[in-house]
Structure formats: structure tokens, C-alpha cells
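Asks: Numbering (full-length UniProt numbering), first residue to last: 1 to 331. Just so you know, even glycine gets a beta-carbon here, dropped at the ideal spot from N, CA and C.
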Amino acid sequence: MGSHEPTGPADLELIARAALAHYDVSPDARLSLLNISENATFLVEDAATGRRNVLRVHRTGYHTRGGIYSELAWSAALREEAGVRTPAAVPSRDGDLVVQARHPRGDDTRFCVLFEHLPGTEPPEDRLVEAFAGLGEITARMHRHSRSWRRPTGFTRFTWDYRHTLGEAPRWGRWQDGLGIGPDEHAVLDRLAAVIERRLRAFGQTPGRFGLVHADMRLANLLVHGDDTYVIDFDDCGFSWYLYDLATALSFIEHYPQVPELVDSWLTGYRRVLPLSAEEEAEIPTFVMLRRLLLVAWIGSHADTDLARSQGADFSRVTCDLADKYLAEFG
1 MGSHEPTGPA DLELIARAAL AHYDVSPDAR LSLLNISENA TFLVEDAATG RRNVLRVHRT
61 GYHTRGGIYS ELAWSAALRE EAGVRTPAAV PSRDGDLVVQ ARHPRGDDTR FCVLFEHLPG
121 TEPPEDRLVE AFAGLGEITA RMHRHSRSWR RPTGFTRFTW DYRHTLGEAP RWGRWQDGLG
181 IGPDEHAVLD RLAAVIERRL RAFGQTPGRF GLVHADMRLA NLLVHGDDTY VIDFDDCGFS
241 WYLYDLATAL SFIEHYPQVP ELVDSWLTGY RRVLPLSAEE EAEIPTFVML RRLLLVAWIG
301 SHADTDLARS QGADFSRVTC DLADKYLAEF G
């Protein structure tokens with residue numbers, strides 16, 4: 001048999017089926033594709049047991065097995081030690097939290113993780129201000145835990161510093177290759193990147209400002225169910241500035257007019273748990289623009305995903321508008 005590289009949902013579902021063979025799940029369980037981004041996620045509904053789970057099929061080459069174990073270790077520690085509601089990983093029949101599944105018609109093998117299914121939905125837009133206060137408090141509890149947690153031996157996760165976001169080793173590709181980046185856009189965003197780099201260097205990476213963070217606290221990764229808020233998808237968790245988590249919460253809505261109110265609400269919730277200095281608060285716009293420019297790169301390197309297609313070149317154009325406003329104050 002020749003190599004067969006999955007290119008679409010049907011191929012990914014075949015790998016997902018192969019992964020489910022490692023678990024106590026009926027072979028007749030229903031699989032429904034939820035999302036394709038860095039990874040593919042499927043809802044698993046097993047009529048034989050009445051159980052629902054979520055299966056994550058990892059992108060090839062993005063994380064090592066050790067990196068995935070590290071992610072699951074922190075997520076579990078947050079749930080058990082910090083009272084942060086996160087989804088539990090379901091062990092395979094062999095007791096492993098990470099399995100490997102191979103496409104039945106080729107050599108493509110993916111790491112896969114099965115999670116418990118959690119109730120709830122993404123916070124509605126008409127309740128964002130209230131949601132951001134709760135999010136700020138949850139994020140602070142995660143950061144407090146991060147600062148004191150003794151990481152297990154062999155713990156390894158990405159670093160989201162300037163070098164690995166906008167610098168010479170960009171993990172999601174170069175922002176210069178984003179959609180709709182012509183000479184005018186390049187000139188504005190190049191100035192933006194230079195100012196961000198300069199300000200982040202001055203801000204520093206001391207332990208009180210830089211540590212283990214979720215790194216993708218956008219609304220799509222929150223589930224609200226009654227009074228409970230669950231934090232899901234720790235796939236990008238790694239080492240970055242703590243304020244980067246606030247910036248990620250504003251992903252794709254940085255241009256909304258209510259952003260200042262959302263930031264104030266987040267800060268109110270955060271300060272219920274941890275202090276934040278005026279100097280740190282003043283640098284929030286820099287982190288927002290860091291994330292925004294990183295998303296320009298992500299859209300350019302993931303142009304085949306539904307999310308990237310929904311944003312298109314307009315995302316770069318609006319980023320330039322935001323950059324002009326930021327540079328007028330900080331540049």
C-alpha cells in the first residue's frame with residue numbers, strides 16, 4: 001500500500017475510527033465532526049452505553065507524545081488542585097491517555113486523545129461583559145496555580161515569546177504571508193511588529209510576568225453551563241506572558257467597540273485573585289496587538305480551515321486599522 005495523507009474530513013474520520021478501537025467504545029458509535037483547526041475534534045455518541053465523549057485527532061508533527069502528556073498533566077492538576085473546571089482525559093483499555101491511530105489505507109499515524117464530554121455553550125455575545133469578569137477570575141486562579149505548581153519530570157510545552165510568535169522562528173508561520181498583505185499593509189504591520197518587540201523586551205520575562213499559560217482563552221474554548229464555566233482545549237498551553245491569556249480572550253473581536261469594557265471586566269475578575277500593577281495594565285494593548293498579528297500569520301498558514309476562510313483578507317485590513325490606532329499612542 002502506498003502512503004495516503006488525509007486531506008479532508010472523511011480521511012480524518014477513518015483515523016478517528018481507528019483510534020476508538022483502543023477504547024471501550026462500541027464500533028457502531030456515531031462520530032460527528034465538530035471542528036478542524038490545528039487538530040480535528042469529533043463528538044462520539046455511543047448508543048450502547050449512552051456515553052458521549054470528544055475525540056481529538058492531532059495534527060501531524062505539531063506536538064510530541066511527551067508534549068501532549070504534559071498538557072494533560074497541567075489540565076488535570078488545575079481541575080484537582082485549583083478548582084478550575086477542565087475536561088478529563090479518558091484512558092484507553094491499556095490505561096494510556098494518548099493513543100496512536102493509523103489511517104487504514106496508508107502510513108499516516110496521528111496521536112489521539114479521548115475526553116469526557118462537558119455540558120454548556122460558548123458565552124453569548126449579549127453577556128460578554130459578565131462572562132469576562134468570570135473569565136478574569138478563572139484565569140487568575142490558573143496563573144496562581146502555574147506559579148506554584150511543581151511540573152512533572154519531562155514536562156515540555158511550546159514557548160510563545162516574541163521569537164516564536166512574530167520573530168525569526170514563528171510557530172504559526174510569518175505574518176508577512178498573511179492574506180491580503182500588500183506593500184501598504186506590510187509597511188504598517190512591520191512598524192507594528194517592531195514596536196511590539198521593543199516594548200516586550202522592556203516589559204521583560206520575569207517569573208511574575210511570564211510562565212505557564214493556557215495561550216488560547218478565546219470564547220470558543222469556554223463552555224458556560226448554568227453557574228459553571230469550563231475551560232477546554234489546552235492544546236496551545238505553554239510558556240508566555242500571563243497577560244497573553246487576556247489577549248487571546250479577545251481573539252477575532254479586537255475591533256469590537258466594547259473591548260475596553262471587556263478588558264475592565266476581566267481585570268475586575270482577575271484582581272479578585274491576584275494583583276496586577278498599573279505598569280502591567282498599561283501594556284495590555286501591546287499584548288492584544290501581538291495576538292492580533294499572530295492571528296494574521298495563522299490565517300495565512302491555515303487558509304484551508306473554515307475559520308480562516310471566514311476571516312479572509314479583511315482580517316489583515318482591520319488589523320492595519322487597529323495597528324494605526326495603536327502606533328499613534330505607543331509607536
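Using the Cα positions of Arg79 and Leu72, report the straight-line distance between them to the nearest angstrom.
Replies: Roughly 11 Å between the two C-alpha positions.
Asks: For a test of the three-state rule: what should DSSP assign to Ile36, helix, strand or coil?
Replies: strand
Asks: Quick check: the Cα distance between Ala328 and Asp321, rounded to an integer number of angstroms?
Replies: 11 Å
Asks: Determine the DSSP secondary structure at Asp314, reduced to helix, strand or coil.
Replies: Correct three-state label for Asp314: helix.
Asks: For Gly178, is the classification buried or exposed, using 16 other Cβ atoms within 10 angstroms of its Cβ as the cut-off for buried?
Replies: With 16 or more other Cβ atoms within 10 Å, it is buried.
Asks: Check Glu5 in the structure and name its three-state DSSP category.
Replies: Per-residue confidence for Glu5 stands at a pLDDT of 45, beneath the threshold of 50, marking its modelled position as unreliable; the derived number appears in the next sentence. In this structure, Glu5 counts as coil in the three-state DSSP scheme.
Asks: In or out: Asp184 buried (at least 16 other Cβ within 10 Å) or exposed?
Replies: exposed
Asks: In the DSSP assignment, what are the bridge partners of Cys237?
Replies: In the DSSP output, where bridge partners are listed per residue, Cys237 has none listed.
Asks: Span of the alpha helix (DSSP H) holding His225?
Replies: Unbroken run through His225 is the beta strand (DSSP E), Leu222 to His225; no alpha helix (DSSP H).
Asks: For the beta strand (DSSP E) that Ala101 lies in, which residues bound it at each end?
Replies: Its beta strand (DSSP E) spans residues Val99 to Arg102.
Asks: Consult DSSP for Val57 and reduce its assignment to one of helix, strand or coil.
Replies: strand
Asks: Unbroken beta strand (DSSP E) runs of length 3 or more, entirely within the segment 116–184: which are they?
Replies: none
Asks: Please identify the residue among Asp227, Phe287 and Asp264 whose C-alpha is closest to the C-alpha of Arg198.
Replies: By alpha-carbon distance to Arg198, the top candidate from Asp227, Phe287 and Asp264 is Phe287.
Asks: How close, in whole Å, do the beta carbons of Val84 and Arg144 come, if the pair is a contact with beta carbons under 8 Å?
Replies: The Cβ separation is near 10 Å, so there is no contact.
Asks: Return the CA-CA distance between Glu5 and Leu55, expressed in angstroms with no decimal places.
Replies: Residue placement at Glu5 cannot be trusted, given a pLDDT of 45 that sits under 50; what the coordinates show is reported in the next sentence. Each residue's alpha carbon lies about 20 Å from the other.
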